[in-house]
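S.K.:
Protein chains in written order, with our numbering: chain C, 2 to 180; chain G, 12 to 122.
1. Are the segment 59 to 71 of chain G and the segment 66 to 75 of chain C touching, with three or more C-beta to C-beta distances below 8 Å?
2. Kindly indicate which three-state DSSP category residue 155 of chain C falls into: helix, strand or coil?
3. Of all the CB atoms in chain G, is at least one closer than 8 Å to the CB of residue 119 of chain C?
4. Is it the case that the segment 74 to 87 of chain C contacts the segment 47 to 57 of chain C, given that we only count it when at least three CB pairs across the two stretches are under 8 Å?
5. Shorter than 8 Å from the beta carbon of residue 73 of chain C to some beta carbon of chain G?
6. Would you report the Cα separation of residue 81 of chain G and residue 107 of chain G, rounded to the nearest angstrom?
7. Of all the CB atoms in chain G, is at least one closer than 8 Å to the CB of residue 70 of chain C?
8. Does the beta carbon of residue 31 of chain C come closer than 8 Å to any beta carbon on chain G?
9. With DSSP collapsed to three states, give me the class of residue 115 of chain G.
10. Specify the secondary structure class of residue 32 of chain G as computed by DSSP and reduced to three states.
11. With 8 Å as the threshold, decide whether the Cβ of residue 28 of chain C is near any Cβ in chain G.
12. In whole angstroms, what separates the C-alpha of residue 31 of chain G from that of residue 135 of chain C?
13. Taking 8 Å as the threshold (beta carbon to beta carbon), is residue 17 of chain G in contact with chain C?
14. Taking Cβ positions only, does residue 23 of chain C come closer than 8 Å to chain G?
15. What residues in the segment 128 to 150 of chain C have a beta carbon less than 7 Å from any beta carbon of chain G?
16. Could you have a look at residue 66 of chain C and say whether DSSP puts it in helix, strand or coil?
17. Strictly under 8 Å for the Cβ-Cβ distance: is residue 56 of chain C near chain G by that measure?
18. To the nearest angstrom, how far is the alpha carbon of residue 108 of chain C from that of residue 172 of chain C?
19. Would you decide whether residue 38 of chain C is buried or exposed? Buried here means 16 or more other CB atoms lie within 10 Å of its CB.
20. Determine whether the Cβ of residue 76 of chain C lies closer than 8 Å to any Cβ atom of chain G.
21. Figure out for me which residue from C:64, C:15, C:31 has the closest Cα to the Cα of residue 27 of chain G.
22. Is the distance from the Cβ of residue 56 of chain G to the Cβ of residue 123 of chain C below 8 Å?
23. Would you verify that the beta carbon of residue 110 of chain C is, or is not, closer than 8 Å to some beta carbon of chain G?
24. Expressed to the nearest angstrom, what Euclidean distance is found between the alpha-carbon atoms of residue 101 of chain G and residue 118 of chain G?
25. What are the start and end residues of the alpha helix (DSSP H) that includes residue 31 of chain C?
26. What residue range is occupied by the uninterrupted alpha helix (DSSP H) comprising residue 39 of chain C?
27. Counting contacts by CB-CB distance shorter than 8 Å, is residue 67 of chain C in contact with chain G?
28. Would you decide whether residue 90 of chain G is buried or exposed? Buried here means 16 or more other CB atoms lie within 10 Å of its CB.
29. Measuring straight from C-alpha to C-alpha, what distance separates residue 132 of chain C and residue 39 of chain G?
30. For residue 176 of chain C, go through chain G and note every residue whose CB falls closer than 8 Å to its CB, in chain order.
31. According to DSSP, is residue 128 of chain C part of a helix, a strand, or is it coil?
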């Protein structure tokens with residue numbers, strides 16, 4: 002990868018809002034999936050709000066942190082706020098997300114075997130607690146270190162390691178049973 | 012199995028993320044919190060001038076009623092006052108202090 006591009010991705014925020022949007026939209030949108038109770042439209046609006054906020058607060062970005070750590074901390078706070086608002090307004094509502102077929106993204110019947118496999122994994126992941134789902138996302142999708150994940154989730158590294166171990170054991174059991 | 016689970020997890024996120032349609036970046040919303048204090052000196056004086064003019068116009072009716080003077084008479088009096096540099100300076104200082112006070116109130120109520 003070009004060194005400058007790498008530097009911008011790993012150590013700097015994009016210099017324009019359009020750059021921030023293009024770099025982060027899909028990642029943040031994927032992350033919002035880990036918050037129960039938010040429907041597809043909620044997540045689209047939330048992702049937009051997160052990116053707006055990241056842009057307006059960019060002066061508070063501390064370069065000693067990776068941009069991902071900073072953005073995911075900000076995203077997490079907004080996700081939790083939105084989740085509370087949705088739960089307050091709709092009572093205890095089950096997720097209207099792609100589990101009910103509301104999402105145009107997951108339509109297994111139209112996809113390939115690899116997506117079927119991803120769907121199985123996703124179904125298994127959805128049986129986990131929200132914090133464990135967030136942790137899995139940060140470790141496996143964002144390849145964050147435990148230290149960075151600890152900063153984002155506000156939980157000690159040791160706790161995260163044991164949570165990950167338990168979550169993986171549970172996933173292994175579910176997927177073995179399914180396969 | 013360990014490697015397999017890890018790889019399946021990564022592939023699951025990759026597949027999902029790969030299918031997310033990124034909409035075009037929207038225009039940035041105009042911030043509600045852009046206050047006079049963040050504007051340039053030229054913008055500030057423009058805004059203050061407009062506010063001052065609005066205040067003067069808004070004052071004309073009650074002033075006219077309370078002093079029993081016709082608006083044209085009041086207008087002439089205001090014009091004469093405006094020729095008095097010390098009076099206009101004192102008036103504008105007072106108005107600016109009033110506007111600054113209002114801004115502080117808005118900031119406090121927003122925070």
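Cβ coordinates follow ideal geometry from the N, Cα and C atoms, glycine included.
This one's a predicted model, so the numbers in the text were calculated from it and none came from an experiment.
M.R.: Here's the rundown:
1. Counting Cβ pairs under 8 Å, fewer than three are found: no touch.
2. In this structure, residue 155 of chain C counts as coil in the three-state DSSP scheme.
3. Under the 8 Å criterion on CB atoms, residue 119 of chain C is classed as interfacial with respect to chain G.
4. Between the segment 47 to 57 of chain C and the segment 74 to 87 of chain C, the count of Cβ pairs shorter than 8 Å is three or higher; the stretches touch.
5. Not an interface residue.
6. A straight-line Cα-Cα distance of about 28 Å links residue 81 of chain G and residue 107 of chain G.
7. Residue 70 of chain C has a beta carbon lying at 8 Å or more from every beta carbon in chain G.
8. Chain G contact via Cβ: present.
9. Look at residue 115 of chain G here: in three-state DSSP terms it is helix.
10. In this structure, residue 32 of chain G counts as coil in the three-state DSSP scheme.
11. It does; some Cβ of chain G falls within 8 Å.
12. Distance between the alpha carbons of residue 31 of chain G and residue 135 of chain C is about 18 Å.
13. Residue 17 of chain G counts as touching chain C.
14. For residue 23 of chain C, the nearest CB of chain G lies under 8 Å from its own CB, placing it at the interface with that chain.
15. The residues in question are 137, 138, 141, 142.
16. In the structure shown, residue 66 of chain C sits in coil (DSSP, three-state: anything other than H, G, I, E or B).
17. With 8 Å as the cut-off, residue 56 of chain C counts as an interface residue toward chain G.
18. With a pLDDT of only 41 at residue 108 of chain C, under 50, the local geometry of the prediction cannot be trusted, and the value read off the model is given with reservation. Spanning the two alpha carbons is a distance of roughly 22 Å.
19. Buried.
20. No, no contact with chain G.
21. Closest option to residue 27 of chain G, judged by alpha-carbon separation, among C:64, C:15, C:31: C:31.
22. Not closer than 8 Å, so no.
23. The predicted model places residue 110 of chain C with a pLDDT of 41, which falls under 50 and marks its position as unreliable; any figure quoted below should be read in that light. No, residue 110 of chain C does not count as interfacial toward chain G.
24. Roughly 26 Å between the two C-alpha positions.
25. Segment 18 to 33, the alpha helix (DSSP H) holding residue 31 of chain C.
26. That residue, residue 39 of chain C, is in no alpha helix (DSSP H); it is neither H nor E in DSSP.
27. Cβ-Cβ to chain G under 8 Å: no for residue 67 of chain C.
28. Label assigned to residue 90 of chain G: exposed.
29. For residue 132 of chain C and residue 39 of chain G, the gap between their C-alpha atoms comes out near 32 Å.
30. Here the neighbours are 16, 19.
31. The answer is coil: DSSP assigns residue 128 of chain C none of H, G, I, E or B.
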